[in-house]
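Using our numbering, read the sequence shown as starting at 193 and increasing by one per residue.
The structure appears right after this line, and notes come after that.
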Amino acid sequence: MRTLLAQEAARIMADDNVADFQMAKRKAAQRLGVSTTRNLPANQEIEQALQEYQRLFQAGSQPDILRQHRETALDVMRLFSQFEPRLVGPVLAGTAGQHSEIELHLYTDTAESIQLFLMHQHIPYESCERRVQFKRGEYQMQPAFRFVAGDEQVLLMVFSTDSTRQPPLSQVDGRPVQRADMVALETLLGQAAPDEFL
C-alpha cells in the first residue's frame, strides 16, 4: 500500500500541479481510500516515484520543459547576480513539470534590497514568506518575492549573507538542500541534452 500511495502522490504532483508533498500524500490517501496516515510514504519515496512517473509517462515533454525552466533560471540568476543566487528545488533536482516554480535563494543583508532591485528593474512582484527548516524541528519564516519571467513563475527566497554556508534542510530528505550557483547550472545545461533524460 505504501508503494501505491507513493505512486499516486507522484502522479498527483506531476499531473495536478501539486508541489507540496504533504498535500499530495493526503490527496493520494483520499483517492485510494486509506483512512490512516500512519504508514504514508516518505517524501524521498514520492520523489523517486515522481522521477519514474515522468520517465514513463512524460518522456516526450518533461525534458524540454525542464531545460526551459533551467534556461530561464539562469537568465534570472544573471539578473540577480549581485545577490549570489542559488537554484534549488524541482528545477535543480530534475523533477520540474510544466507549472513548477523556479526557486532561487538570494543572499543579502536586508530583504528590502531585493525589493528595491525589483522596483528599479520595473519587475512587478508579490511579497510573501516561506517556512524553512535549518535544524530538525526548528522552522522559521523567510521573506520571499514572486514574479513572472516570460511565462514562468519565479520565487526568490531571501537569506542573510552569513547563511550561504548553512543552507536550509530539504523537505525531501531532511539533509541540507542542494543548491547550484550559475557556474554549476551552466555546466548542468551544457551536459544535459534533452534526449539524455529519456
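Here a beta-carbon is modelled for each residue, glycine too, at the ideal position from N, C-alpha and C.
Endpoints, beta strand (DSSP E) assigned at residue i
i: R322; result: 318–327
i: E295; result: 294–299
i: L248; result: That residue, L248, is in no beta strand (DSSP E); its alpha helix (DSSP H) goes 235–249.
Other residues of its chain near residue i: CB distance less than 7 Å, five sequence neighbours each side excluded
i: Y317; result: L310, F337, R338, F339
i: E200; result: A220, R223, L224
i: P360; result: V324, Q325, F326, V369
i: Q334; result: E321, R322, V324, M349, V350, F351
The alpha helix (DSSP H) enclosing residue i, as first and last residue numbers
i: A206; result: 194–207
i: L279; result: Not the alpha helix (DSSP H): L279 falls in the beta strand (DSSP E), residues 278–280.
i: Q214; result: 213–223
i: F309; result: 303–312
i: R338; result: Where R338 is concerned, there is no enclosing alpha helix (DSSP H), although the beta strand (DSSP E) it sits in stretches over 330–341.
i: V375; result: 374–383
i: D260; result: Checking the sequence shown, residue 260 turns out to be Gln, not Asp. That run of the alpha helix (DSSP H) goes 254–271.
Cut-off 6 Å between Cβ atoms - residues of its own chain near residue i, not counting five sequence neighbours on either side
i: L390; result: Since pLDDT at L390 reaches only 32, below the 50 mark, its modelled position is unreliable, and no value is offered.
Cβ shell of residue i (< 8 Å), same chain only, five flanking positions each side left out
i: S253; result: Q290
With 16 other Cβ atoms within 10 Å as the buried cut-off, status of residue i
i: G382; result: exposed
i: E239; result: buried
i: V421; result: Outside the shown range of the chain, which is 193 to 390, sits residue 421, and nothing can be said about it.
i: L258; result: buried
i: H312; result: exposed
i: Y331; result: exposed
i: S145; result: Because the chain is modelled from 193 through 390, residue 145 falls outside the range shown and cannot be assessed.
i: F249; result: exposed
i: L308; result: exposed
i: R262; result: buried
i: Q358; result: exposed
i: L196; result: exposed
i: N231; result: exposed
Rounded distance between the beta-carbons of residue j and residue i, thought under 8 Å
i: V268; j: V346; result: 6 Å
i: G342; j: T264; result: 6 Å
Whether or not the segment 269–278 and the segment 290–307 are in contact is what I'm after, with contact meaning three or more pairs of Cβ atoms, one per stretch, closer than 8 Å; do they touch? In the pairwise beta carbon analysis, the segment 290–307 is classified as touching the segment 269–278: at least three pairs are separated by under 8 Å.
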